[in-house]
Amino acid sequence: MPISLTHPDRPTGTSALPAPKIVRRSVRTCPVCGKARCQDQTACRTAYGTTEWLECPACAGSGYDTTGFQLYCPDCGGAKVLEVEIIDTPGVGE
6 MPISLTHPDR PTGTSALPAP KIVRRSVRTC PVCGKARCQD QTACRTAYGT
56 TEWLECPACA GSGYDTTGFQ LYCPDCGGAK VLEVEIIDTP GVGE
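Mapping of the sequence shown onto this note's numbering: residues 6 to 99, in sequence order.
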């Protein structure tokens with residue numbers, strides 16, 4: 006095997022470290038059911054229209070991963086929004 010020009014002690018064609026495996030999410034998910042293909046699209050559409058949604062804080066509403074490891078945001082799955090959860094705290098707002 007020929008010797009590398011950049012590193013004389015290392016033969017060419019071999020890697021010093023194994024290549025990292027990066028898994029990418031290739032499809033956007035439904036914000037209601039969290040699946041790539043809704044089982045009941047009309048129910049998801051109705052639930053989406055009657056629920057309060059917030060722009061995903063992890064991706065700033067873009068739907069794309071900002072860390073570069075996945076194609077779509079790992080928090081919202083590319084849906085761009087998250088469901089607003091209203092927590093009733095006693096004594097607050099009274």
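Even for Gly, the Cβ is constructed at its ideal location relative to N, Cα and C.
None of these values were measured; they are calculated from a predicted model.
Quiz item: Roughly how many angstroms separate the alpha carbons of R50 and G73, rounded to a whole number?
Solution: 30 Å
Quiz item: Going straight from the alpha carbon of V86 to that of Y53, what length do you get?
Solution: 10 Å
Self-check item: Alpha carbon of M6 to alpha carbon of C38, nearest angstrom
Solution: Residue placement at M6 is poorly supported in this model, since its pLDDT is 48, which falls under 50; the coordinates are not used for a value here.
Quiz item: What distance in whole Å lies between the Cβ atoms of C64 and P36, which are believed to be in contact at a cut-off of 8 Å?
Solution: Contact flag wrong, Cβ pair sits at about 13 Å.
Quiz item: Just to confirm, are G83 and R42 a CB contact at a threshold of 8 Å?
Solution: no
Exercise. Mind checking who L76 pairs with in its DSSP beta bridge?
Key: BP columns for L76 are empty, so no partner.
Exercise. Check whether the Cβ atoms of E88 and T55 lie closer than 8 Å to each other.
Key: no
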